[in-house]
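Peer 1:
Chains as they are written, first to last, in the working numbering: chain A, 1 to 135; chain B, 1001 to 1135; chain C, 2001 to 2135; chain D, 3001 to 3135; chain E, 4001 to 4135; chain F, 5001 to 5135.
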């Protein structure tokens, strides 16, 4: 369950059902996951969150699989059990093989290690990194 | 500077120079960044960390650019200034365009948002996500 | 259970019972939650933590409900399941309606998103923000 | 500066200027802060982020000052320097007195402490907290 | 279970068995825990991670018990349930008494509190701390 | 500086001076660091925080140096620049050698790595770890 419970499709208002329909159409599925059913108690938030996800996760300069793996990387770093579970499955559905998964985990682990080491050693940023991506 | 200072190439022991040489050869650069120069005060750690990075970041099921962008995603989530600065430049050198960077930031921001929302709503994991990648 | 188990009221020393009594009197309840029963294995810590909470969460420039919602916001950001569960209920008991809860979650989500975005873009702090609250 | 630099009002496209105008109108200010100027390199993200903020931070069941203080609480917990600096000033502008600020900091500190203690003691959630806000 | 399942000793390849054997020999146990059995799906990662742990956790300027308690402190701060559970037991096996455990928890809680307070107050680093450990 | 500025000894109220005196006496120093001078704007918080620190960091089942190194470990994991700077110096003053510091950093890095890996692999806790320290 969740703090406010779940809004199931059959119990949803027309406004919420419209969003559920768009999720299912966009994702080519007939399944609404617990996260959507939980935040559906707040229809403006459901709508806003879904519209943001739809825009952000669409194919672009980065393909959907890469975006999904980035989502997993963030969720692991944040220790978010729900998101790790759901996005690992999503990434698989979008083409992540077991081999990709293992490499993803290795990179996430290593990045967490060196993030802390460089901070623990109080290393100042090199001048050549201070221009970011500005030419 | 850093907690113990930097070991510059000209002041390094043969052991440390060998690792610096391998970093420069592998990365096709003549630059040793501040992170390496800081942890070089602990040669076993320098060696172990470099060997791990070399193995983990090599091309595999995931290409080096994807791995570098995952590294940025973790570093942003961890709020690690040094790593954001250095890995943003690395990712660019490996082919990350400004368009890719912007999408990467959007995904990282969104993932951090929904990680917290799903946890705040105490949403339990759907049964269909509980099998991970096990068939 | 917990790492060291729980100290139930009936098994508690006079010192611990005195603190349990003060918690129940202050909070107008006859319930001692698992957190207190767990740290009661360390009576100085139980005492210190309770005295701190009592002082910090008392009505002041901020009312108890606002303080409780801040506690929830921090607990969600830290992904602390126990604290989210307990402080959500506490906030409700202090007057948090479902509508307030939903807005609290939306703000927490959004803040986590922009925290990471501004850091990912390596944005420097505006001069006009550098004086804090000093006139 | 920032990773991609800033888009100043005078150099902005009509699309970006329209968003800058809406920010200034809504916030009753003639100032566009560095965060907006940084993400303006990605107009869809600027637009989406501003629209989200405008909706989420509007007066509702929670007033704008409470929402701003929650934003500060999250930013402190995430150790985000930019957001702490900017939202501390925003909260002050919305009515946060020094007394409120001090209490906010005390609550944030205490919540971070007990979040970690309860997790360190591996305390299981009390049954009476497991129903969330569901009656 | 775990995302890819567990590799049990009897089902392991010679390469993985060799690492399991080394873990058991080094740790003087006949038990392989779930973490090793999970990452064993990625033999290079299993090997690299075990070799790193073996090197890092060996007696040195810090004794194994101190290192194990530091491991617990990090795991609690990161809210990592698995690591808190496993490293609390390891620390106990290496000599951590209940009294030590309680003090460890108190320090971890306090450090998390003041970390956030000093950041929330935007305190700049004292000059006398800026030289790190450099004489 | 800091959000509210610093309260210097010469400008402090008798109440605050008494706490400054106790800090200097307890720590055998004539220096009050920026953290204390910042929170001194909130005398109850200054007093409560100092009293807590004094109690928690006193010699006990864990010696002061071990407690200080745990403090550093937490501060690094939280990426708290001020605390890393100040507690690294404190630990050195309490006896931490460069060799100890390097090992501390290596353990903190490794713990952060495996914390994330075990969570990313969604590893369930072994039965033999579920009893904590309860016999």
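Yeah, the Cβ is synthetic: ideal placement off N, Cα and C, and Gly gets one too.
(1) Is it buried or exposed, residue 2012 of chain C, if we count other Cβ atoms within 10 angstroms and call 16 or more buried?
(2) At which residues does the alpha helix (DSSP H) containing residue 44 of chain A begin and terminate?
(3) Sorted by chain position, which residues of the same chain lie with C-beta nearer than 8 Å to residue 2084 of chain C's C-beta, five sequence neighbours on each side aside?
(4) Could you say which of F:5005, F:5123, F:5117 and F:5107 lies nearest to residue 4070 of chain E if we only look at CA atoms?
(5) With a threshold of 8 Å between beta carbons, is residue 2010 of chain C in contact with chain A?
(6) Rounded to whole angstroms, what is the Cα-Cα separation between residue 984 of chain B and residue 53 of chain A?
(7) Give me the Cα-Cα distance between residue 3003 of chain D and residue 99 of chain A, rounded to the nearest whole angstrom.
(8) Measure from the C-beta of residue 4040 of chain E to each C-beta in chain F and report whether the shortest distance is under 8 Å.
(9) Starting from the C-beta of residue 2138 of chain C, find all residues in its chain whose C-beta is less than 7 Å away, skip the five residues before and the five after it, and write them out in chain order.
(10) Mapping DSSP to helix, strand and coil, what is residue 5040 of chain F?
(11) Shortest alpha-carbon distance to residue 4082 of chain E belongs to which of F:5023, F:5089 and F:5119?
(12) Chain B beta carbons: is any one of them nearer than 8 Å to that of residue 4004 of chain E?
(13) In its own chain, which residues sit with a C-beta less than 6 Å from the C-beta of residue 4020 of chain E, not counting the 5 before and 5 after it?
(14) Tell me which same chain residues have a C-beta within less than 7 Å of the C-beta of residue 3046 of chain D, skipping the five on either side of it?
(15) Would you mind sorting residue 2128 of chain C into buried or exposed? The rule is 16 or more other CB atoms within 10 Å of its CB.
(16) So which residues of chain F does residue 113 of chain A contact, with C-beta pairs closer than 8 Å?
(17) Let me see if you follow: with CB-CB separation under 8 Å, is residue 4097 of chain E close to chain D or not?
(18) With a threshold of 8 Å between beta-carbons, can residue 5131 of chain F be considered close to chain D, or not?
(19) Does the beta carbon of residue 3104 of chain D come closer than 8 Å to any beta carbon on chain C?
(20) Does the separation of the CB atoms of residue 1105 of chain B and residue 2117 of chain C fall below 8 Å?
(21) Relative to the C-alpha of residue 5102 of chain F, which candidate in B:1022, B:1068, B:1042 and B:1029 has its C-alpha closest?
(22) If we ignore side chains and look at the alpha-carbon of each, how far apart do residue 4051 of chain E and residue 112 of chain A end up?
(23) By DSSP, does residue 60 of chain A sit in helix, in strand, or in coil?
(24) Looking only at C-alpha atoms, which of C:2122, C:2134, C:2080 and C:2055 sits nearest to residue 3006 of chain D?
(25) Work out the CA separation of residue 2132 of chain C and residue 4130 of chain E for me, nearest whole Å.
(26) How about residue 5080 of chain F: is its C-beta nearer than 8 Å to some C-beta of chain D?
(27) Please report how far the alpha carbon of residue 2014 of chain C lies from the alpha carbon of residue 2059 of chain C, in whole angstroms.
(28) Do the CB positions of residue 64 of chain A and residue 94 of chain A come within less than 8 Å of each other?
(29) Just the Cα atoms here: how many angstroms apart are residue 2048 of chain C and residue 5056 of chain F?
(30) Less than 8 Å separating the beta-carbons of residue 3086 of chain D and residue 3068 of chain D?
(31) Out of C:2124, C:2126, C:2088 and C:2080, state which residue places its alpha-carbon closest to the alpha-carbon of residue 3124 of chain D.
(32) Kindly give me the distance between the Cβ atoms of residue 1034 of chain B and residue 30 of chain A, rounded to whole angstroms, as I take these residues to be in contact under 8 Å.
(33) For residue 3121 of chain D and chain C, any beta-carbon pair shorter than 8 Å?
(34) Assuming residue 1066 of chain B contacts residue 66 of chain A under a Cβ cut-off of 8 Å, what Cβ separation, rounded to an integer in Å, is found between them?
Peer 2: Judging by the given coordinates:
(1) buried
(2) 43-56
(3) 2072, 2075 and 2076
(4) F:5107
(5) no
(6) With chain B covering only 1001 through 1135, there is no way to say anything about residue 984 of chain B.
(7) 32 Å
(8) no
(9) The requested residue 2138 of chain C is not part of the displayed model; chain C covers only 2001 to 2135.
(10) coil
(11) F:5119
(12) yes
(13) 4009 and 4032
(14) 3016, 3019, 3036, 3039 and 3040
(15) exposed
(16) 5109, 5110, 5112 and 5113
(17) no
(18) no
(19) yes
(20) yes
(21) B:1042
(22) 18 Å
(23) coil
(24) C:2122
(25) 23 Å
(26) yes
(27) 29 Å
(28) yes
(29) 10 Å
(30) no
(31) C:2080
(32) About 53 Å; that fails the 8 Å criterion.
(33) yes
(34) 6 Å
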